[in-house]
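Chemist: Mind having a look at this structure? Questions to follow.
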Amino acid sequence: MHRVDLFPTHEYQGLKLRAGRPYPFGATVYGNMVNFSVYSRYATDCTLVLFHKREEKPFMEIPFFKEFRMGNVFSMIIFDLDYEDIEYGYRMDGPYRPEEGHRFDRTKILLDPYAKLIAGRDVWGQQPDWDKLYQYRARVVFDDFDWENDMPLETPVNDLVVYEMHVRNFTCGKGANVKHPGTFAGIVEKIPYLKELGINCVELMPVHEFDEFENSRISPVDGRQLRNLWGYSNVGFFAPKAAYASTGRFGMQVDELKNLVKRMHENGIEVILDVVFNHTAEGNENGPYISYRGIDNKTYYMLTPEGYYFNFSGCGNTLNCNNPNVRDMIVESLRYWVTDYHIDGFRFDLAAILGRDQNGNPMSNPPLLESLAHDPILGKTKLIAEAWDAGGLYQVGSFPSWGRWAEWNGKFRDSIRRFLKSDEQVLRDVRERIIGSPDLYASQKRGIKASVNFITAHDGFTLMDLVSYNNKHNEANGENNCDGENHNNSWNCGYEGECDDAGINRLRHQQVKNAVTLLMVSQGIPMVLSGDEMGNSQQGNNNAYCQDNEIAWLDWTDLEKNADIFRFFKRMIRFRRRHKVLRYEDHLSHCDYRNLGYPDFSWHGVKAWQPETGHNNLTSAFMLNGMYAQTDGVADDFIYVAMNMHWEMHGFELPMLPQGKAWHVFANTGMNAPEDIFEPGEEPVIDNQNEILAGPRSIIILVGK
Amino acid sequence: MTTEVYKLSEELDSFNSQEEQDGILAILEKGQSVILDMTACKYVSSTGLRVLLYSKKVAAAKGLKLYLVGVSEEVMDIMNVTGFDSFFDTYRTIDEVPR
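Chains as they are written, first to last, in this note's numbering: chain A, 4 to 708; chain B, 2 to 100.
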């Protein structure tokens, strides 16, 4: 039995053609045929432009014949194309009337919005030739990677320990010692390190294609070239960043990224992508034509009634996320990354924008967010919102979730930072954060799993800088230190920046340990910023988006310099993963509802069972009852945490344990290594079972077993 | 089980992939395992990687073997970072291939 539609019906300058299939959009291979399909509501005509690989001038331009158009979709099949040697783009005819939202320009060659492989910025930092007519060039992708038995891991969300990583920053720096620095392959080489650290989920900062030369300039401070290092500026939503692959120059970035995911999965590590669906790299009215602006401006962008670009992203334009066709594109992009790349989850940059209507107004039930929450293919994919935008919409605790969405809990960051630097009047808020922010998430029954807890992320200070600087130092960014967050809730421990004072440096290490302790003993999903585990500094720069140099790159020699911090991180992470009682999915009752003798969770203070109530208090303690957290019928241990953020020492009266159990010390951040933390499971018993002394700015963790 | 050596040319990409694929498959069709001599081969493209893996899978389906011999450092690096290396047995010289 043979299909009868495998024969060409048209010929154009020697190429054999027939009407294409409108769906799916993009370039799709069927045997010896490639189907090209592109949607534009307002274009009047469309031409497919074909190049040989890397050649400046096209070798063929094929108009879409009338019979190749279905509704608002242009599609054609080309037979016997050597598609490994092809790059393609489109010319669109249509009105140029910006006041009506139309910006068609037939002189431009446009990238396919559904391009799955994009060439043009293949090797990181290689200066582009801006005179070239077609800069970001679509290619046809090989989508037959052999995954063998691999699948997304579907790790329970409350069991995750997330590690936020930048592909280049992770392995470009001193001492990284990898064969392929700054690439997907470089991360594969570091998998043993990630396993040793103990994290089980890597969140990659944007890996969709972007242009590191967007807004590139020379720093007036140090003369270095500043680049778009972070990549929060999409050129394409379906293609991986070529220059993040050691094989990008060969166009093999798709296979290289897939191999990274496969290797991570083999080692029990999930991969979450940070995705940027709020704007594109085309900027505002003065920006370049890359794709969307020329394909169908009015469809892809939120426009003012006068035809200007709304700027809720702070980056010049705003993707029209709740236009039905753009919505479909976003859903298809996410499905594609899950089905073709086995991605485990997504973190949505400035996700509040995804809930704005086409006029920019926030909606109560945004159709895009609802679609994603109920999508069948994304059914077990982690969905994490950065629940605010640059237009002032702040939705932490109120992001429309349908029980599916988690949030970056910005309030956790702010409260814990204030507590760390001994701010008064923050304890009540800190308590909410430690128990999974029920004030934010309990009323909607979203559970603890809605809260992604973090103290540091790519935006802002690193953890070491948080305890080394009172103020940001972004002069090297060339914006007169006006960029970046001003309200950091940081404290330099007595001196601004690096210093030789042993006492200050000791306190900084202690504060770093306090921070990771609070992160790992809080209910919710902890997220660690890559490099914090080795005490990475950005020299006070809290917005290193453009610093493609040692400011942002991890310095792996810090591992030796800050060995006590690395050791502390490893053990704290292992402790969390060992104790189910730290990883509840739903909020705690604070009651003994199973009549086990102790509530599931209880607050204490310097007196057992008597939590401090004053606004100025800086001491608090809590106890988790392991009998409420069983694994295969075996109860977890009791865990007691005494937090003293006061600058004086305090004694904490200990709650009495059930008969036969005794308190053992796991960690005491006030102690020097190696007494600061013990191997989980090998904690020594303490002599005084009635009281412990917590030194200034110290946290003690006891295990009752 | 008999084996036959098949020598790949300097590059394996879309320009010669069909020809090379046919050459390898012809040996497998005869019921013989293949020693793919890649000593001269300096570059393997995405298409080329698929020629290798497809050949390996055809061989396996027939109960035959496909060995790679003399893979250059550059080619091995490409195979390694794209994960294709894990599917193959590689040997430095033809003499090292177990027979």
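Every residue, glycine too, gets a C-beta built ideally from N, C-alpha and C. Note that the coordinates shown come from a computational prediction; the quantities given were computed from them, not determined experimentally.
What residues in its chain sit with their C-beta under 6 Å from that of A/R577, if we drop five residues either side in the sequence?
Modeler: These residues qualify, in order along the chain: G201 and P683.
Chemist: Suppose you measure from the CA of A/A245 to the CA of A/G497; what does that come to, to the nearest Å?
Modeler: Their backbone Cα atoms lie some 44 Å apart in a straight line.
Chemist: Could you tell me if A/C49 is buried or exposed, where buried requires 16 or more neighbouring beta carbons within 10 angstroms of its beta carbon?
Modeler: Classification for A/C49: buried.
Chemist: Residues of chain B with a CB under 8 Å from the CB of A/E87: which are they?
Modeler: Neighbours of A/E87 on chain B, chain order: D14, S15, S46, S47 and T48.
Chemist: If you count every other CB in all the chains shown that lies within 10 Å of the CB of B/R93, and 16 or more means buried, which is it?
Modeler: Exposed.
Chemist: Kindly say whether B/T83, judged by its beta-carbon, lies nearer than 7 Å to any beta-carbon of chain A.
Modeler: Yes, its Cβ sits closer than 7 Å to a Cβ of chain A.
Chemist: Could you spell out the range, first to last residue, of the beta strand (DSSP E) harbouring A/M626?
Modeler: From DSSP, the beta strand (DSSP E) with A/M626 extends over T622 to L627.
Chemist: Of the residues A/E482, A/Y42, A/L375 and A/V274, which one's Cα is nearest the Cα of A/N218?
Modeler: Of the listed residues, the one whose Cα sits closest to A/N218 is A/E482.
Chemist: To which residues of the same chain is A/E199 closer than 8 Å at the C-beta, ignoring the five residues directly before and after it?
Modeler: Within the same chain, A/E199 has close Cβ partners K573.
Chemist: Using the Cα positions of A/L156 and A/A409, report the straight-line distance between them to the nearest angstrom.
Modeler: Answer to the nearest angstrom: the Cα atoms are 18 Å apart.
Chemist: Grab the span of the beta strand (DSSP E) containing A/M530 for me, first residue to last.
Modeler: First-last of the beta strand (DSSP E) with A/M530: I528 to L532.
Chemist: Taking the beta strand (DSSP E) that B/G76 belongs to, which residues open and close that run?
Modeler: Residue identity check: residue 76 of chain B is Val in the sequence provided, not Gly. Careful: B/V76 lies outside any beta strand (DSSP E), inside the alpha helix (DSSP H) at E74 to T83.
Chemist: Checking contacts by CB at 7 Å: is A/A122 closer than that to chain B?
Modeler: For A/A122, the answer is no, since every Cβ of chain B falls outside 7 Å of its Cβ.
Chemist: Start and end of the beta strand (DSSP E) containing A/H15?
Modeler: Sequence inspection shows Tyr at residue 15 of chain A; the His mentioned does not correspond to that position. H13 to Y15 is the extent of the beta strand (DSSP E) around A/Y15.
Chemist: Is A/T250 close to chain B, meaning its C-beta is less than 7 Å from at least one C-beta of that chain?
Modeler: By this cut-off, A/T250 is an interface position.
Chemist: Could you tell me if A/G617 is buried or exposed, where buried requires 16 or more neighbouring beta carbons within 10 angstroms of its beta carbon?
Modeler: Answer is exposed; the Cβ neighbour count stays below 16.
Chemist: Tell me the rounded alpha-carbon separation between A/N172 and A/D258.
Modeler: Their backbone Cα atoms lie some 21 Å apart in a straight line.
Chemist: Could you give the first and the last residue of the continuous alpha helix (DSSP H) run that contains A/P327?
Modeler: Looking at the DSSP string, the run of the alpha helix (DSSP H) that includes A/P327 is P327 to Y344.
Chemist: If you measure between the beta carbons of A/E273 and A/D347, is that distance less than 7 Å?
Modeler: In contact: A/E273 and A/D347 (Cβ atoms closer than 7 Å).
Chemist: Counting Cβ pairs, one atom from each stretch, are 3 or more of them under 8 Å apart for the stretch 544 to 551 of chain A and the stretch 510 to 530 of chain A?
Modeler: With the cut-off at 8 Å, the stretch 544 to 551 of chain A and the stretch 510 to 530 of chain A do not touch.
Chemist: Specify the secondary structure class of B/D38 as computed by DSSP and reduced to three states.
Modeler: Strand.
Chemist: Do you know offhand how far A/Y99's Cα is from A/Q138's?
Modeler: Between A/Y99 and A/Q138, the C-alpha separation is close to 22 Å.
Chemist: Could you work out which residue in A/I275, A/I293 and A/N203 is closest to A/S214 when comparing CA atoms only?
Modeler: Checking the sequence, you will find Asp at residue 214 of chain A rather than Ser. The shortest C-alpha separation from A/D214 is found at A/I293.
Chemist: Use the C-beta contact count for A/D504: other C-beta atoms within 10 angstroms, 16 or more gives buried, fewer gives exposed.
Modeler: The residue in question, A/D504, is exposed, as its Cβ has fewer than 16 Cβ neighbours within 10 Å.
Chemist: Report the start-end ranges of each alpha helix (DSSP H) in the stretch 38 to 72 of chain B that is 4 residues or longer and not cut off at the edges.
Modeler: Within the stretch 38 to 72 of chain B, the complete alpha helix (DSSP H) runs of at least 4 residues are 47 to 62.
Chemist: Buried or exposed: which applies to A/V706, given that a residue is buried once 16 or more other Cβ atoms fall within 10 Å of its Cβ?
Modeler: A/V706 should be labelled buried.
Chemist: Report all residues from its chain with a CB closer than 7 Å to the CB of A/G534; omit the five preceding and five following residues, and keep chain order.
Modeler: Hits under 7 Å: T465 and L557.
Chemist: DSSP puts A/A390 in a beta bridge; with which residues?
Modeler: DSSP, once it has assigned bridges, lists no residue as partnering A/A390.
Chemist: For A/D96, which three-state DSSP category applies?
Modeler: Note: A/D96 maps to strand in three-state DSSP.
Chemist: Thinking C-alpha only, which one of B/I36, B/G32 and B/E30 is nearest B/L9?
Modeler: It is B/I36 whose Cα lies nearest to the Cα of B/L9.
Chemist: Taking all protein chains shown into account, do 16 or more other C-beta atoms lie within 10 angstroms of the C-beta of A/P3, making it buried, or fewer, making it exposed?
Modeler: Outside the shown range of chain A (4 to 708) lies residue 3 of chain A, about which nothing can therefore be said.
Chemist: Quickly, what does DSSP pair A/D48 with across the bridge? List them, please.
Modeler: Answer is A/D96.
Chemist: Is the shortest distance between the beta-carbon of A/N270 and the beta-carbons of chain B less than 7 Å?
Modeler: Judged by the 7 Å Cβ criterion, A/N270 is not in contact with chain B.
Chemist: Can you tell me whether A/M154 is buried or exposed? The criterion is at least 16 other CB atoms within 10 Å of its CB, across all chains shown.
Modeler: Exposed is the call here.
Chemist: Could you tell me which residues DSSP puts in a beta bridge with A/H415?
Modeler: This sequence places Phe at residue 415 of chain A; His is not what is there. Answer is none; A/F415 lacks a bridge partner.
Chemist: Is there a C-beta anywhere in chain A that falls below 7 Å from the one on B/I25?
Modeler: No, B/I25 does not count as interfacial toward chain A.
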